[in-house]
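Since the structure comes first, as C-alpha cells, the remarks are kept for the end.
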Amino acid sequence: MVMQIPAPQGEQPDATTPGMAVLAGGCFWCTEAVYLALEGVTRVVSGYTGGSRETANYRAVCSGTTGHAEAVQIYFDPARLSFGRLLQVFFAVAHDPTQRNRQGNDVGTQYRSAIFAVNAAQQQMANDYIAELNATGLFGQPIVTEVTILENFYSAEDYHQDYARRNPDQPYICAVALPKVEKLRHTFPQYLQTKES
Numbered sequence: 544m545v546m547q548i549p550a551p552q553g554e555q556p557d558a559t560t561p562g563m564a565v566l567a568g569g570c571f572w573c574t575e576a577v578y579l580a581l582e583g584v585t586r587v588v589s590g591y592t593g594g595s596r597e598t599a600n601y602r603a604v605c606s607g608t609t610g611h612a613e614a615v616q617i618y619f620d621p622a623r624l625s626f627g628r629l630l631q632v633f634f635a636v637a638h639d640p641t642q643r644n645r646q647g648n649d650v651g652t653q654y655r656s657a658i659f660a661v662n663a664a665q666q667q668m669a670n671d672y673i674a675e676l677n678a679t680g681l682f683g684q685p686i687v688t689e690v691t692i693l694e695n696f697y698s699a700e701d702y703h704q705d706y707a708r709r710n711p712d713q714p715y716i717c718a719v720a721l722p723k724v725e726k727l728r729h730t731f732p733q734y735l736q737t738k739e740s
C-alpha cells in the first residue's frame with residue numbers, strides 16, 4: 544500500500560541549514576538503501592547512536608542491552624534537499640513509526656524509531672511534524688518515534704556500509720530493503736536521484 548503523507552508545513556530546502564541528519568527506523572541496511580536513492584543525498588553511513596563507544600559494535604548492539612539504536616547518518620545538500628523531505632520519506636517509506644522497539648520481525652530497542660536531531664531547529668521540526676501527522680490519523684495509531692538531540696554516532700563495521708547495493712541477492716535485502724526502495728520509487732518518484740546526480 545502506498546501512503547501519501549503531507550510534507551511538513553512551510554519547509555523548503557535551505558542552504559544555510561546543516562546538511563546532516565541521523566535517523567533510526569529498524570535495520571540500518573534498509574534505511575540506508577532508501578536514503579541512498581534520494582536526490583540531494585551525498586552519503587549515508589550506517590551506525591549506532593546512543594550507548595557508549597565501548598559497546599558500539601554489531602554483536603553487542605544486537606543483544607539489545609547497550610542502549611544503542613541502529614541508525615543512519617545522512618549527509619545531504621541542503622540547497623537541494625530539505626530536512627523535512629527526509630522526514631517525509633522516513634515516515635512514509637523507510638519504516639513503520641507506530642511500532643515501538645521493533646520493525647517487522649526485527650525486535651529490540653536497537654530497532655526503535657527515533658530522530659536524533661543535530662540542533663534545536665531539527666528537534667522542533669521533528670516534534671511539530673509528528674504532531675501534524677498524528678492529527679491526520681493517517682497511521683491509525685499514534686506515532687511512537689522518539690525525538691532527542693544527537694549526542695554521539697558511531698560508524699558501523701565496514702561490511703555494513705552500502706550493504707543492500709553490495710548484497711542485492713541476500714534474502715533479507717530481497718524481502719525487506721528492496722521493497723522499501725520500490726515503495727520510495729512509487730510514492731515519491733520526483734525525489735529520486737537521476738543518473739546524472
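Residues in the sequence shown are numbered consecutively from 544, following the working numbering. Ideal Cβ placement from N, Cα and C applies to all residues, glycine included.
Alpha carbon to alpha carbon, what distance is there between T641 and A669?
-> Rounded to whole angstroms, A669 to T641 spans 15 Å at the Cα level.
For the putative contact between S656 and Q555, defined by C-beta atoms under 8 Å, what is the C-beta separation to the nearest angstrom?
-> With a Cβ gap of about 25 Å, S656 and Q555 do not count as contacting.
Could you check how far apart the C-beta atoms of L631 and P551 are, in whole angstroms? I think they sit under 8 Å.
-> For the record, residue 631 in the displayed sequence is Gln; it is not Leu. Confirmed, Cβ separation roughly 7 Å.
Look up L735 in the DSSP assignment and give the residues it is bridged to.
-> Bridge partners of L735: L581.
Tell me whether the beta-carbon of R643 lies closer than 8 Å to the beta-carbon of V690.
-> no
V584 and V615 closer than 8 Å at C-beta = no
From S740 to F619, what distance separates their C-alpha atoms?
-> Residue placement at S740 is poorly supported in this model, since its pLDDT is 47, which falls under 50; the coordinates still yield a value, given next. Computed Cα separation, rounded: 12 Å.
N- and C-terminal bounds of the beta strand (DSSP E) containing Y618 | 612 to 619
Use the C-beta contact count for Q646: other C-beta atoms within 10 angstroms, 16 or more gives buried, fewer gives exposed.
-> buried
What is the residue span of the beta strand (DSSP E) that T691 lies within?
-> 689 to 692
At a cut of 8 Å, does the segment 705 to 715 reach the segment 563 to 579 through at least three beta carbon pairs?
-> yes
From this set, D639, T608, V636, which residue's C-alpha is nearest T652's C-alpha?
-> T608
Mapping DSSP to helix, strand and coil, what is I800?
-> With the chain represented from 544 up to 740, any question about residue 800 goes unanswered, as that position is not in the structure.
Among residues of its own chain, excluding the 5 on either side of S698, which ones have a beta-carbon nearer than 6 Å to its beta-carbon?
-> V588, G590
Is the Cβ-Cβ distance between T592 and N662 less than 8 Å?
-> no
Beta-bridge pairing of A567 - partner residues as DSSP gives them = A657
Name the two residues that bound the continuous alpha helix (DSSP H) containing I702.
-> In the sequence on display, residue 702 carries Tyr and not Ile. Unbroken run through Y702: none, as it is neither H nor E.
Check Q713 in the structure and name its three-state DSSP category.
-> coil
Nearest-angstrom Cβ-Cβ length linking I692 and L566, presumed shorter than 8 Å | Their Cβ separation, rounded to whole angstroms, is 14 Å, which puts I692 and L566 out of contact at 8 Å.
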